[in-house]
Ligand code: RB5
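Numbering (the working numbering), first residue to last: -3 to 162.
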């Protein structure tokens, strides 16, 4: 891809996924679509669906992997996507959001450097979710000064050393 954007970087290739029982089926579907599209997928669990699992047990390891750069982007799914989003954003360097429409899937990355998309497995259908993930993965942070300035104000709330923007 040619671009005049110096912040565009390489296409993300290493994608992490995580879900509790509320998002398990959608995670499995998205993981299969990601793999068949050529992405390297790291599945942080749950690896089987059982009704008493807890989304932080899977979403937090995913979020930490995103923050470390072990995976370049994350896809976190629970029943509504809300718990996954709340949990992921506790990890410094993670910018997660619940996304159920295409405008924010793109603009969340371009303006806010979104690095974890959160989805509700009981809210969106599989094809809509896959479209949202594809848009999220194809979008790039613009690197515009005004967006960096705003993100720096958010990152200032995080402990020293946390990654501010990509
Ligand atoms: C689990 O039943 C459900 O609460 C969880 O998947 C999620 O929707 C939380 O936000």
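Glycine is no exception: its CB is placed at the ideal position from the N, C-alpha and C atoms.
Separation of residue j from residue i, as counted between CA atoms
i: residue 152; j: residue 12; result: 26 Å
i: residue 21; j: residue 99; result: 25 Å
i: residue 78; j: residue 52; result: 11 Å
i: residue 108; j: residue 35; result: 23 Å
Residues that DSSP places opposite residue i in a beta bridge
i: residue 114; result: 72 and 94
Range covered by the beta strand (DSSP E) that runs through residue i
i: residue 13; result: 10 to 15
i: residue 36; result: 36 to 39
CB contact flag (residue i, residue j, <8 Å)
i: residue 63; j: residue 90; result: yes
i: residue 111; j: residue 70; result: yes
i: residue 156; j: residue 26; result: no
i: residue 55; j: residue 10; result: no
Limits of the alpha helix (DSSP H) - the one that residue i falls within
i: residue 24; result: 20 to 33
i: residue 53; result: 52 to 64
i: residue 153; result: Premise fails: residue 153 is in no alpha helix (DSSP H) and is neither H nor E.
i: residue 129; result: 122 to 134
Contact test: residue i Cβ vs the ligand SAM heavy atom, cutoff 7 Å
i: residue 48; result: Looking at this structure, you won't find the ligand SAM anywhere; what it does contain is the ligand RB5.
Assumed close pair residue i, residue j - CB separation to whole angstroms, cut-off 8 Å
i: residue 61; j: residue 41; result: Between residue 41 and residue 61 the Cβ distance is about 12 Å, and since that is not below 8 Å, they are no contact.
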